[in-house]
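Colleague: Top line first, the protein sequences correspond to chains A and B. Just so we're aligned, residue 1 is where the first sequence starts under the numbering used here, counting upward by one. Just so we're aligned, residue 1 is where the second sequence starts under the numbering used here, counting upward by one. A virtual CB, placed ideally from N, CA and C, is assigned to each residue, including glycine. What follows is a single structure, and I will ask about it in a moment.
2 protein chains.
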Amino acid sequence: MKKDGAKGELQKNKILNAARELFATKGFEATTTREINRQTDSAEGLLYYYFPHGKREILDTIIYEGIQSRTNAIDFKFHSVSSVADIEQQLLNAFDQIWQIFSQQENYYSFMITIRERALLSNKQAKWLQDLIKEVRQLLIDFLTPATEKLGLQQDNIPQLVDIILSLFQSSIYDELLINNNQELNNQISHTVQSQLHLIVTSILVEK
Amino acid sequence: MKKDGAKGELQKNKILNAARELFATKGFEATTTREINRQTDSAEGLLYYYFPHGKREILDTIIYEGIQSRTNAIDFKFHSVSSVADIEQQLLNAFDQIWQIFSQQENYYSFMITIRERALLSNKQAKWLQDLIKEVRQLLIDFLTPATEKLGLQQDNIPQLVDIILSLFQSSIYDELLINNNQELNNQISHTVQSQLHLIVTSILVEK
DNA sequence: GTCTATAATTAGATAGAC
DNA sequence: GTCTATCTAATTATAGAC
Chain A
1 MKKDGAKGEL
11 QKNKILNAAR
21 ELFATKGFEA
31 TTTREINRQT
41 DSAEGLLYYY
51 FPHGKREILD
61 TIIYEGIQSR
71 TNAIDFKFHS
81 VSSVADIEQQ
91 LLNAFDQIWQ
101 IFSQQENYYS
111 FMITIRERAL
121 LSNKQAKWLQ
131 DLIKEVRQLL
141 IDFLTPATEK
151 LGLQQDNIPQ
161 LVDIILSLFQ
171 SSIYDELLIN
181 NNQELNNQIS
191 HTVQSQLHLI
201 VTSILVEK
Chain B
1 MKKDGAKGEL
11 QKNKILNAAR
21 ELFATKGFEA
31 TTTREINRQT
41 DSAEGLLYYY
51 FPHGKREILD
61 TIIYEGIQSR
71 TNAIDFKFHS
81 VSSVADIEQQ
91 LLNAFDQIWQ
101 IFSQQENYYS
111 FMITIRERAL
121 LSNKQAKWLQ
131 DLIKEVRQLL
141 IDFLTPATEK
151 LGLQQDNIPQ
161 LVDIILSLFQ
171 SSIYDELLIN
181 NNQELNNQIS
191 HTVQSQLHLI
201 VTSILVEK
């Protein structure tokens with residue numbers, strides 16, 4: 001009868017947490033199992049008790065749990081649209097939620113690992129990553145589509161508008177995390193995206 | 001009198017080319033010097049004749065040459081603006097140039113390495129990366145600024161518009177290279193960016 | 001400039017006591 | 001479930017012949 005004892009789960013998480021930080025900051029290959037053991041104050045053999053397949057199994061677990069965590073955190077709670085200003089506000093809230101997700105250290109780490117070790121991912125793992133982005137995209141499309149008539153926009157243009165908005169979101173985060181290597185998301189950037197979104201929404205959407 | 005003999009340069013480039021491909025596809029740490037030697041059909045010791053400081057020196061050279069190459073390739077040749085349609089066309093040409101740069105395998109490899117091994121970069125190397133993006137941004141600002149009056153746009157809004165346009169460019173490339181892990185840039189994506197740019201430019205800019 | 005051979009170190013992983 | 005001790009293989013790097 002396999003039951004996750006509290007003690008075992010604790011140690012397993014200690015290993016995962018240490019590995020997540022090390023993989024994110026130094027990279028998967030550059031991190032040694034010895035370093036993980038040192039950081040968890042545990043002996044050489046113990047790691048293989050919890051992860052019989054070694055380092056790669058730890059990576060896989062981090063990738064999986066990271067996607068799970070980020071997916072579960074997405075919960076936009078859109079309500080039906082009234083005005084252009086209302087649309088803008090709801091899109092801002094959505095961006096804020098994404099921003100909050102990446103501001104959490106565990107999510108930040110697992111995202112960085114997923115991108116950085118992208119070449120190591122199995123097809124299945126890569127699909128998780130792509131599906132998460134697709135899901136966000138679809139949620140935004142479903143949110144905007146009912147309002148098409150009011151907004152002087154062709155139904156066909158909605159995906160296009162959504163892609164533009166997503167580009168703003170993505171670029172701001174990628175720039176900050178991948179190019180500037182900042183672990184802490186800067187509020188200034190969030191404001192920049194807000195004003196970009198304002199310009200886009202008020203220019204493209206026209207209340208009728 | 002140190003003079004780069006043709007033979008020496010050849011071998012040095014063979015090493016750099018092999019390492020560039022391996023670092024980009026497997027990662028820096030995961031690539032062994034043995035593998036580089038095998039791929040260049042040369043013996044164990046030779047690598048250290050050309051790169052006395054070993055693997056890290058090879059990485060630094062690739063990073064440096066990559067930034068140089070991508071920087072030199074940026075040459076937008078904007079001419080002064082007449083109409084909104086003209087602006088759109090010139091921006092499209094700029095995007096096309098960026099697209100072409102990333103379509104070249106060497107540039108693609110060095111870019112992937114630079115992003116993937118971002119955490120290993122020195123401050124100086126990181127600054128090169130940031131400055132390249134800033135330079136592109138500034139070129140676009142300088143291109144659009146003279147046309148401000150004609151376009152019903154505040155001078156202050158130009159950087160904002162440029163950032164939006166750059167987000168479209170960046171996202172399309174990052175998505176393709178980092179998320180989807182495609183080595184070949186897909187023309188479909190280029191068309192998507194074109195139509196996004198069209199929507200943005202025609203919505204935000206108004207001829208007077 | 002290029003080679004062979006090898007030193008020195010460190011990596012991931014395992015065996016087996018407690 | 002956690003520990004110590006250690007194996008095996010691979011890694012970077014060097015010495016020195018040609």
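Cβ of residue 193/B within 8 Å of Cβ of residue 169/B?
Modeller: Counting from 1 along the second sequence, the entry for residue 193/B is found at position 193. Counting from 1 along the second sequence, the entry for residue 169/B is found at position 169. Contact flag set, yes.
Colleague: How far does the alpha helix (DSSP H) with residue 141/A in it reach, from first residue to last?
Modeller: Position 141 of the first sequence, counted from the first residue, corresponds to residue 141/A. Residue 141/A -> alpha helix (DSSP H) spans 123-144.
Colleague: For the structure I just gave you, are there three or more beta carbon pairs, one from the segment 56-75 of chain B and one from the segment 107-117 of chain B, closer than 8 Å?
Modeller: Enough Cβ pairs lie closer than 8 Å, so yes.
Colleague: Is the segment 146-155 of chain B touching the segment 72-90 of chain B, taking contact as three or more C-beta pairs under 8 Å?
Modeller: With a cut-off of 8 Å, the segment 72-90 of chain B and the segment 146-155 of chain B count as touching, because enough Cβ pairs lie within range.
Colleague: Which residues in chain A have a C-beta closer than 7 Å to the C-beta of residue 29/B? List them in chain order.
Modeller: Numbered from its first residue, the second sequence carries residue 29/B at position 29. Near residue 29/B (Cβ distances below 7 Å), the residues of chain A are 27, 29, 30.
Colleague: Under a CB-based cut-off of 8 Å, is residue 179/A close to chain B?
Modeller: Working through the first sequence from its first residue, we reach residue 179/A at position 179. With 8 Å as the cut-off, residue 179/A counts as an interface residue toward chain B.
Colleague: Using a beta-carbon distance cut-off of less than 9 Å, what residues from the segment 105-135 of chain A approach chain B?
Modeller: For the segment 105-135 of chain A, which is checked against every Cβ of chain B, the residues closer than 9 Å are 112, 115, 116, 117, 118, 119, 120, 121, 126, 129, 130, 133.
Colleague: Measure the alpha-carbon distance for residue 92/B versus residue 197/B and round it to whole angstroms.
Modeller: For the purposes of this step, residue 92/B is taken as residue 92 along the second sequence, with counting starting at 1. For the purposes of this step, residue 197/B is taken as residue 197 along the second sequence, with counting starting at 1. About 8 Å.
Colleague: Thinking residue 63/B and residue 16/B are a contact (beta carbons under 8 Å), I'd like their distance in whole angstroms, please.
Modeller: For the purposes of this step, residue 63/B is taken as the residue at position 63 of the second sequence. For the purposes of this step, residue 16/B is taken as the residue at position 16 of the second sequence. That belief does not hold up - the Cβ atoms of residue 63/B and residue 16/B are roughly 11 Å apart, past 8 Å.
Colleague: Mind checking whether residue 22/A and residue 35/A have CB atoms under 8 Å apart?
Modeller: Taking the first residue of the first sequence as position 1, residue 22/A is located at position 22. Taking the first residue of the first sequence as position 1, residue 35/A is located at position 35. A contact, by the Cβ cut-off of 8 Å.
Colleague: Please work out which residues of its chain come closer than 8 Å, Cβ to Cβ, to residue 37/A, disregarding the five sequence neighbours upstream and downstream, and give them in chain order.
Modeller: Within the first sequence, residue 37/A is the residue found at index 37, counting from 1. So the qualifying residues of the chain are 43, 44, 46, 47.
Colleague: Going by DSSP in three states, residue 39/B sits in which element: helix, strand or coil?
Modeller: In the second sequence, the residue the question calls residue 39/B occupies position 39. Helix.
Colleague: Give the interface partners of residue 163/A over in chain B, defined as CB-CB distance under 8 Å, in chain order.
Modeller: As a position in the first sequence, residue 163/A is number 163, starting the count at 1. What residue 163/A touches in chain B: 192, 196.
Colleague: For chain A, is any of its Cβ atoms less than 8 Å away from the one on residue 3/B?
Modeller: Taking the first residue of the second sequence as position 1, residue 3/B is located at position 3. Legend: pLDDT at residue 3/B = 46, less than 50; position of this residue unreliable, value from coordinates given subsequently. Not one chain A Cβ lies under 8 Å of residue 3/B.
Colleague: Looking at C-beta atoms only, is the number of pairs between the segment 94-102 of chain A and the segment 173-187 of chain A that lie closer than 8 Å three or more?
Modeller: Short answer: they touch.
Colleague: Are the beta-carbon atoms belonging to residue 29/A and residue 9/B less than 8 Å from one another?
Modeller: Reading the first sequence from its first residue, position 29 is the one you call residue 29/A. Reading the second sequence from its first residue, position 9 is the one you call residue 9/B. No, they are not a contact pair.
Colleague: Between residue 69/A and chain B, is there a C-beta pair that is closer than 8 Å?
Modeller: Start at 1 with the first residue of the first sequence, and residue 69/A comes out as number 69. Answer no: the Cβ-Cβ gap between residue 69/A and chain B never drops below 8 Å.
Colleague: Given that residue 141/A touches chain B, what residues does it touch there, using C-beta distances under 7 Å?
Modeller: For the purposes of this step, residue 141/A is identified with residue 141 of the first sequence, where counting begins at 1. The contacting residues do not exist; residue 141/A stays about 15 Å from chain B at best.
Colleague: Below 7 Å CB to CB, which residues in the same chain sit around residue 98/B once its five sequence neighbours on both sides are set aside?
Modeller: Mapped onto the second sequence, residue 98/B falls at position 98. So the list reads 169, once near-sequence residues are dropped.
Colleague: Would residue 158/B and residue 144/B qualify as a contact pair, given that the criterion is a beta-carbon distance under 8 Å?
Modeller: Along the second sequence, one-based indexing puts residue 158/B at 158. Along the second sequence, one-based indexing puts residue 144/B at 144. Contact flag set, yes.
Colleague: State the Cα-Cα distance for the pair residue 1/B and residue 111/B, rounded to the nearest angstrom.
Modeller: Position 1 of the second sequence, counted from the start, is the residue given in the question as residue 1/B. Position 111 of the second sequence, counted from the start, is the residue given in the question as residue 111/B. Residue placement at residue 1/B is flagged as unreliable, the pLDDT there being 40, under the threshold of 50; the coordinate-derived value follows with that caveat. Distance between the alpha carbons of residue 1/B and residue 111/B: 34 Å.
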